[in-house]
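Have a look at the structure below before the remarks.
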Amino acid sequence: GDVLLQICLHCQMESENGNFTIDDVAKEINEKLIRRHPHVFGETKVSGTAEVLENWDAIKSIEKPERISALSGISKSQPALMSAAEISKKAVKTGFEWPNVESLWDCIHSELQEFREAVENNNKNEMEDELGDILFSIVNLARWHKISPEIALLKANKKFVSRFEMMEQLAQKDLRDYNLDEYDELWKKAKVKLGE
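First residue of the sequence shown? That's 9 in the working numbering, and the numbers climb one at a time after it.
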């Protein structure tokens with residue numbers, strides 16, 4: 009309802025400015041859906057979802073000739089993790105893919121080593137670059153295994169917060185007064201208490 013209200017408001021403002029009406033918007037989306045689904049609304053035969061997606065991309069590229077790169081059209085306003093996932097997926101559609109998952113693991117290990125070297129050299133700029141490479145490699149690993157990195161990180165955040173809050177509840181003293189072994193023990197107790 010709230011989304012529809014926004015659409016109606018924008019259409020009304022644009023209509024008053026003489027640009028377009030809600031009827032124009034409905035007509036455009038209707039035509040686009042028919043055009044991009046020739047297997048539903050036309051005579052095109054497809055063997056499965058992969059072919060439907062290939063057709064969608066081919067039709068979209070004809071509709072948007074200004075997009076000169078396979079990576080064009082990726083939103084610059086979305087979170088970096090989501091952008092990385094979309095960049096990775098689009099690059100793979102062109103055939104730019106790891107030959108196997110082992111080569112991806114090798115890349116991740118290599119990126120970790122490069123980050124370690126940047127840390128040893130105390131070079132913040134290189135550390136940032138190498139950490140970015142690690143994160144991008146991990147996003148590729150998630151894509152390879154058909155896992156959303158965004159959802160995986162959200163789950164990890166939620167899990168960490170639950171465990172940490174349980175640690176705070178179980179703590180017999182200020183957390184700042186715990187040593188490393190005590191933290192480890194408290195962390196394990198928190199996991200048990202949460203049934204993990």
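The beta-carbon is built from N, C-alpha and C at its ideal position, and this holds for glycine as well.
For Asp141 against Glu119, the beta-carbon gap comes to about 5 Å, under 8 Å, which counts as contact. Proximity of the segment 82-94 to the segment 45-63 falls short of the contact definition, fewer than three beta-carbon pairs being nearer than 8 Å.
Of the residues assessed, Glu138 falls on the buried side of the cut-off, its CB having 16 or more other CB atoms within 10 angstroms.
When the Cα atoms are used, Ser145 and Asn130 turn out to be separated by approximately 22 Å. Here Met21 is exposed: its Cβ has fewer than 16 other Cβ atoms, across all protein chains shown, within 10 Å. In the three-state scheme derived from DSSP, where H, G and I count as helix and E and B as strand, Phe144 is classed as helix. Of the residues Gln121, His18 and Glu62, the one whose Cα lies closest to the Cα of Lys97 is Glu62. Here Arg184 is exposed, its C-beta having fewer than 16 other C-beta atoms within 10 Å. Inter-residue distance for Ile70 and Trp113 is about 37 Å (C-alpha atoms, whole angstroms).
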